[in-house]
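Asker:
In this note's numbering, the protein residues as written are 3 to 249.
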């Protein structure tokens, strides 16, 4: 009888899809020696952002968000305040001068309409006391779950094919007895996050166009799976083991 053959292999699979949601993160900040003025400027900026978002996220007659709205979600932090002494070029406090007061907040807008994301980013970035902190691309939960499943199946099939190839060369038949799943990996085709003003990150300013020429391109997101599997022969002597490790 032939000794039992063990084959240890890895299998990998991946699926990709263009991002379905764009997460635009904003920073609102106003600094002044007049605390009331700083607060007023920040409140005005937040109010303007809310006006833009309301126009992009209309609701049904029942008061529910419309599924075809350009914006799928919006959130903002409460305004926060801080004060500090003004400083000279060597960062030494200028105690004789009035303190500076900063009022700030952050906001996140979830876009389902990528074309509107680019236009609105430019509009908001042009507002006083508002800056685009970053843009992140994501899949919906349903799409992500689907891609993860497909990637896992690809990984297992790859392991089965690989084990079958090795077993076939030596004239044996094998069956899987153990499959170990590795953590899923999700990455974007290019840089994961795009910082404001960085052409390499996906945001660019066309020559002479200013904020109106801001360009944003949704990234392709790849979901990858990796499994480790053990196969044993089903045509030999189970008492003797002959192992083969394959990567």
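Just so you know, even glycine gets a beta-carbon here, dropped at the ideal spot from N, CA and C.
#1: Could you name the residues that DSSP lists as bridge partners for residue 15?
#2: For residue 111 and residue 23, which I take to be in contact (beta-carbon distance under 8 Å), what is that distance rounded to the nearest angstrom?
#3: Identify the residues that DSSP records as bridge partners of residue 51: which are they?
#4: Going by the DSSP bridge assignment, what does residue 29 pair with across the sheet?
#5: For residue 41 versus residue 108, is the C-beta spacing smaller than 8 Å?
#6: Distance, Cα to Cα, residue 215 vs residue 123?
#7: Among 178, 223, 222, 183, whose alpha-carbon lies nearest the alpha-carbon of residue 10?
#8: In terms of DSSP beta bridges, what is residue 89 paired with?
#9: Bridge partners for residue 34 per DSSP, in chain order?
#10: Is the stretch 123 to 143 touching the stretch 40 to 56, taking contact as three or more C-beta pairs under 8 Å?
#11: By DSSP's criteria, residue 188 is part of a beta bridge. Which residues make up the other side?
Answerer: Reading off the structure:
#1: 227
#2: 10 Å between Cβ atoms; not a contact.
#3: Looking at the DSSP assignment, residue 51 forms no beta bridge with any residue, so it has no partner.
#4: 108, 133
#5: no
#6: Since pLDDT at residue 215 reaches only 40, below the 50 mark, its modelled position is unreliable, and the value read off the structure follows with that caveat. Roughly 10 Å between the two C-alpha positions.
#7: 178
#8: 95
#9: 103
#10: yes
#11: 225
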